[in-house]
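Sequence order for the protein chains is A and B. Counting in my numbering, the first sequence runs from 1 upward without gaps. Counting in my numbering, the second sequence runs from 151 upward without gaps. Where a beta carbon is used, it is the ideal one built from N, C-alpha and C, also for glycine. The structure presented is a predicted model; accordingly, all values stated were derived computationally and were not measured.
Protein chains: 2
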Amino acid sequence: MDLSIGEVARRSGLSVHALRFYEREGLFANPVRRLSNGRRIYHEEDLEWLAICTKLRSSGMSLATIRQYIDLVRQGPGNEHERLELLRRHESHVETQIRELQETLDVMRNKVRIYEDHVARGEADRLWNPSHPDTAQAETRQECHPPEGA
Amino acid sequence: MDLSIGEVARRSGLSVHALRFYEREGLFANPVRRLSNGRRIYHEEDLEWLAICTKLRSSGMSLATIRQYIDLVRQGPGNEHERLELLRRHESHVETQIRELQETLDVMRNKVRIYEDHVARGEADRLWNPSHPDTAQAETRQECHPPEGA
DNA sequence: TGTTGATCTAGACCCGACTCTAGGTTCTAG
DNA sequence: CTAGAACCTAGAGTCGGGTCTAGATCAACA
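See below:
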């Protein structure tokens, strides 16, 4: 049931380098144990934590914040409110990100649609022609401005 | 109608440094003109482009990719398909990001809910107590695994 | 037995995206 | 006329998040 660093790398998608780096940075909930020969041994739990960790990272939580969280966990009971607060802050951060991405997506879809129209109508040769202001400027503008205030 | 770099910085939210940096990196659609004294002058269009640029950046497009796009634009008509492809690639990238964030959000909401339950039931003192496996391990596990395949 | 491959440590290096510094010019208000 | 703000350039520094290297140890197999 012991896993080598290579195995964990393979299964977590992180590099062996990154795993050692994460350990140095104090990102493991439980200290990583060693075999008598000095090699690291991991367990399924570590993989589960790494999976969460990876989700937090990819949703924009910095390693510093993850460390903060894990530090609270290691301190044991008594700081649940702090943990909750930290999680909730990230939650709302993620919500904001989603909203912003959705907005970007709207702008881009619009742009792509307009492009497709032009190309389909065989007017590609007129796109971004400085003498055709309508198309020329479309390039650097958000045609159909997104609902800023709405 | 001419804008100074300071004005553009104020209105775009980018620093003066960043604006000069972006220019060096070739991220402006139109070359930035200068006054006879060497000072840069910008126009409303530049602000509009910077707004899009900022959206692309914050949705994860690298400066290198933005430069690629603007290079296509500068080359003029004839490469609309490449522009479309580039935009569509980013579009799907953003869609993926949204999905992943949503998934993270689900995991986090679950975690927060469980925490709240514990705290509310006055069992905070038992949270993360190694002799209570149920709560001890909850910390580093995704309780109620997210719908991986669903 | 000896070579291959996985692991170890410490520390150097890299990359993207800025950010800042130094040293100099120019504009503007008092 | 002068102080201070805003600008200029070239280039160095920073920060996050790894990635890679060198040199050593150790296990396993033909």
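List the residues of chain B whose Cβ lies closer than 7 Å to the Cβ of A/Ile-98, in chain order.
-> Per Cβ cutoff of 7 Å: Ile-248, Leu-251 and Gln-252.
Segments assigned alpha helix (DSSP H), at least 4 residues, entirely inside the region 174-248 of chain B | The qualifying runs are 194-208 and 213-225.
Under a three-way DSSP split, which group does B/Leu-164 fall into?
-> Coil at B/Leu-164, not helix or strand.
Residues bridged to A/Leu-3 by DSSP?
-> Beta bridge pairing from DSSP links A/Leu-3 with A/Tyr-42.
Nearest-angstrom Cα separation, counted from A/Leu-35 out to B/Cys-203 | Cα to Cα, the separation comes out at about 51 Å.
Could you name the residues of the same chain whose beta carbon sits closer than 6 Å to that of B/Leu-222, not counting the 5 residues immediately before and after it, in chain order?
-> Within the same chain, B/Leu-222 has close Cβ partners Asn-229, Glu-232 and Arg-233.
Whole-angstrom C-beta distance between B/Val-244 and A/Leu-56, which should lie under 8 Å = Not confirmed; about 20 Å, so no contact.
Under 8 Å between C-beta atoms, does A/Tyr-42 make it to chain B?
-> It does not: the Cβ of A/Tyr-42 has no partner Cβ on chain B nearer than 8 Å.
Members of the region 227-243 of chain B that neighbour chain A once the beta carbon cut-off is set at 8 Å | Under the 8 Å Cβ criterion, the region 227-243 of chain B contributes Pro-227, Gly-228, Glu-230, His-231, Arg-233, Leu-234, Leu-237, Arg-238, His-240 and Glu-241.
Inter-residue CB distance, B/Ile-216 and B/Leu-177 (contact presumed, cutoff 8 Å) | Right, their Cβ atoms sit about 6 Å apart.
Could you list which residues in chain B have their beta carbon closer than 7 Å to that of A/Ser-12, in chain order?
-> Ordered by position in chain B, no residue passes the 7 Å Cβ test against A/Ser-12, which lies about 13 Å from the chain.
Pick helix, strand or coil for A/Arg-113, following the three-state DSSP scheme.
-> For A/Arg-113, the secondary structure class from DSSP, reduced to helix, strand or coil, is helix.
What does B/Tyr-265 reach in chain A if we use C-beta pairs closer than 9 Å?
-> Those are Glu-80, Arg-83, Leu-84 and Leu-87, listed as they occur along chain A.
is_contact[B/Ser-212, chain A] using C-beta, thresh 8 Å | Not one beta carbon of chain A lies nearer than 8 Å to the beta carbon of B/Ser-212.
Amino acids of chain A, ordered along the chain, whose beta-carbon sits closer than 8 Å to that of B/Val-257 | What B/Val-257 touches in chain A: Ile-52 and Lys-55.
Looking at C-alpha atoms only, which residue of B/Gly-188, B/Glu-195 and B/Ala-214 is the closest neighbour of B/Asn-180?
-> When each option's Cα is compared against that of B/Asn-180, the closest is B/Glu-195.
Going along the chain, which residues of the region 155-180 of chain B sit with their C-beta nearer than 7 Å to a C-beta in chain A?
-> If the cut-off is 7 Å between Cβ atoms, the region 155-180 of chain B has Ala-179 near chain A.
Note down the Cα distance separating A/Glu-25 from A/Ser-62, rounded to an integer number of angstroms.
-> About 12 Å.
Whole angstroms is fine: what's the gap from A/Thr-96's alpha carbon to A/Arg-88's?
-> Whole-angstrom Cα-Cα distance: 12 Å.
Given that a residue counts as buried once 16 or more other Cβ atoms are within 10 Å of its Cβ, and exposed if not, what is A/Met-59?
-> Reading off the sequence shown, one finds Ser at residue 59 of chain A, where the question assumed Met. Within 10 angstroms of the beta-carbon of A/Ser-59 lie 16 or more other beta-carbons, which makes it buried.
Best match in B/Ile-191, B/Glu-235 and B/Arg-189 for proximity to A/Met-108 [C-alpha to C-alpha] | The alpha carbon of A/Met-108 has as its nearest neighbour, out of B/Ile-191, B/Glu-235 and B/Arg-189, the alpha carbon of B/Glu-235.
Say yes only if the C-beta of A/Asn-110 is nearer than 7 Å to one or more non-hydrogen atoms of the ligand GDP, and no if none qualify.
-> Absence of the ligand GDP is noted for the structure shown, with no ligands found whatsoever.
Indicate the three-state DSSP secondary structure (helix, strand or coil) for B/Arg-271 in the structure shown.
-> Note: B/Arg-271 maps to coil in three-state DSSP.
Of all Cβ atoms in chain B, is any one closer than 8 Å to the Cβ of A/Val-112?
-> Yes, because at least one Cβ of chain B sits closer than 8 Å to the Cβ of A/Val-112.
Can you give me the Cβ contacts of B/Arg-360 inside the same chain, cut-off strictly under 6 Å, excluding the 5 residues immediately before and after it?
-> Any question about residue 360 of chain B goes unanswered here, given that chain B covers just 151 to 300.
Looking at the structure shown, is A/Asn-129 part of a helix, part of a strand, or coil, going by DSSP?
-> In this prediction, A/Asn-129 has a pLDDT of 38, which is less than 50 and means its spatial position is unreliable; what the coordinates show is noted afterwards. The answer is coil: DSSP assigns A/Asn-129 none of H, G, I, E or B.
For A/Gln-68, which option in A/His-90, A/Ala-51 and A/Glu-48 has the closest C-alpha, if you only look at C-alpha atoms?
-> Of all alpha-carbon atoms in A/His-90, A/Ala-51 and A/Glu-48, the one lying nearest the alpha-carbon of A/Gln-68 is that of A/His-90.
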